[in-house]
Structure formats: structure tokens, C-alpha cells
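In the working numbering, the protein residues as written are 7 to 274. We put the CB at the ideal spot given by N, CA and C, even for glycine. Written out below as C-alpha cells is the structure these notes cover.
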Ligand code: MF3
Ligand code: CO
Ligand code: CO
């Protein structure tokens, strides 16, 4: 396995792409309300990326081996949809939770980030799932430093999420990212400490746990893209693009309104 180490110039370009991806989420956030369709959210994000940012929506026509070209510019995954939900005529209603996953290309480099949104008034259970998934992503990010391993990241996420009574989706993982959307390594959201590839300064990858309220099993819908939980339980996901620095990590997908790193409760 060869994990590419990014040059100083590559890293500068990845900072720009990462910020732009996060700014698309800042832009769309106030529009994620009851009554809007996921197709309308896709159209607004598309136009913002292309006309305002001068970025390319990476999902549009993306076709990894074995997949048909992805038909839209963002992924919108509602309630029991785990990931890769195709935007369309579905109307968001109060109580829904939706993941919007944005990947932009700027000057040849990719920035990839997603957030959960609660539409109108969501149940306590739905809000708890979104909150714990956010914290799980951050616990993974906080493992990132030279000498740590990919297994350390997966373990931190798994231990916390399963300890909360939730399950981790295993079929999809984080990924190296740069000039290509999906590069090595695969960043699993479960694992054992000290196992897997060792992290080095200059590596860039995503951490994007998908966490289910029920069982971990998933299936693909007939559209060839949308992934749902088999038991129809709610699923949540958050994603950041992260650089390994000399002393730790730098999150590249940041913007003015992106939710900040949670504080750790200290035990007195
Ligand atoms: N953005 C997703 C990820 O985090 C990939 C989406 S592929 C698409 O890796 F084609 F569905 F957009
Ligand atoms: Co990703
Ligand atoms: Co993504």
C-alpha cells in the first residue's frame, strides 16, 4: 500500500478546497427546513459551487468501477439512509435528520465534508444519534498524529459509539484524498489500537463514521447508490478531511460556521 505524502504546495491547495467544501454547508444550512426537497438543496449547492465558488461538484457523474455515474452534485441521506442518497423529489419534514455530503474540486484538489441537520423539531433519540456521531468523528480525529495508527482511529470511534449502544457501518470507510476523490488508505471506523498503517506528516484522509441506532447491516437500493439500514433504524454521519501534521492534526474542512471540536468533560 502506498499512501501519498502531500507536498507543501499540495497542502496549501487542499486547505483551499477543504474550506470551500465547508462553506457550501454554511451556505445551505439555513435552507434545510421543512417543505424543501432534497433536489432543491442539490440545485442550490450546485449553483453555489459552480457560479459563486468556481468549484466543480465532484459527485456529479462520478463513476467508480461497478457503479453507474452518480447523477447529482451532492449526497443527501435522510433518516434510515446511511450515505449516498440521491437528491430528488423527497420533501423534508419536521423531525427528519439529513446528512448533506459535499465534495468540491478546486484547482485539481478535492475537499470532502458532511454534516447532519435536524429538520424542524427532531426527537431526542435522533438528536442524540447525531450528537454522538459528531463526537465519535472527533474522537477519531483526536487520535491523528505521527506514529499513531489507522487502528487507533477506528478503535476510538468504535469504542465510544458502541459504548453508547449504537453500531458502526463497516461497508464504507474514510479515504485518502487529494487530486483523486478516493485514494489510499482506507480509514476504517472500527479496529484495534496499534494495528494498521502508521501515520506520517503529509498524509491527508477523511474520517467519516456512519453510525446506526439499530443493527449495523446495510443494503443498497435499486438506484445503485443509496445505502440504507436493513432494520430501517436511523443512521447518522459526519465527515472531515484531515491532515497529519508534525505535532498532530489539522482539519482542512473548516469554515466560519462549521461546528467546533467538542470540549471533553473532565471527571472531578
Ligand atoms: N462524499 C462521499 C465520501 O465521503 C462519496 C460520495 S460518492 C458519490 O466519500 F458519487 F456518491 F457522490
Ligand atoms: Co469522503
Ligand atoms: Co463525503
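DSSP lists no bridge partner for residue 136.
CA-CA distance, residue 265 to residue 112, rounds to 23 Å.
The beta carbon of residue 53 lies closer than 8 Å to none in the same chain, with the five residues before and after it left out. The criterion of a C-beta distance shorter than 8 Å is satisfied by residue 139 and residue 244. Contact between residue 135 and residue 82 is absent: CB atoms are separated by about 17 Å, not below the 8 Å threshold. By the neighbour-count criterion, in which 16 or more other beta carbons inside 10 Å mark a residue as buried, residue 75 falls on the exposed side.
Going by DSSP, residue 29 is part of the alpha helix (DSSP H) stretching over 14-34.
The beta carbon of residue 101 sits closer than 8 Å to the beta carbons of 125, 126, 127, 128, 129, 132 from its chain, once the five residues preceding and following it are set aside; these are given in chain order. Looking from the CA of residue 258, the closest CA among 20, 13, 9, 10 belongs to 20. For the pair residue 202 and residue 157, the Cα-to-Cα distance works out to about 5 Å. For residue 116, the uninterrupted beta strand (DSSP E) segment begins and ends at 115-124. In the displayed model, residue 82 falls within a strand according to three-state DSSP.
Beta-bridge partners of residue 106 (DSSP): 82, 121. Counting along the chain, residue 51 sits inside the alpha helix (DSSP H) bounded by residues 44-53. By the neighbour-count criterion, in which 16 or more other beta carbons inside 10 Å mark a residue as buried, residue 97 falls on the exposed side. Relative to the non-hydrogen atoms of ligand 2, the Cβ of residue 252 never comes closer than 7 Å to any of them. Between ligand 1 and the CB of residue 229, the shortest heavy atom gap is not smaller than 7 Å. The beta carbons of residue 183 and residue 217 sit no closer together than 8 Å. As the crow flies, the alpha-carbon of residue 64 is around 43 Å from that of residue 273.
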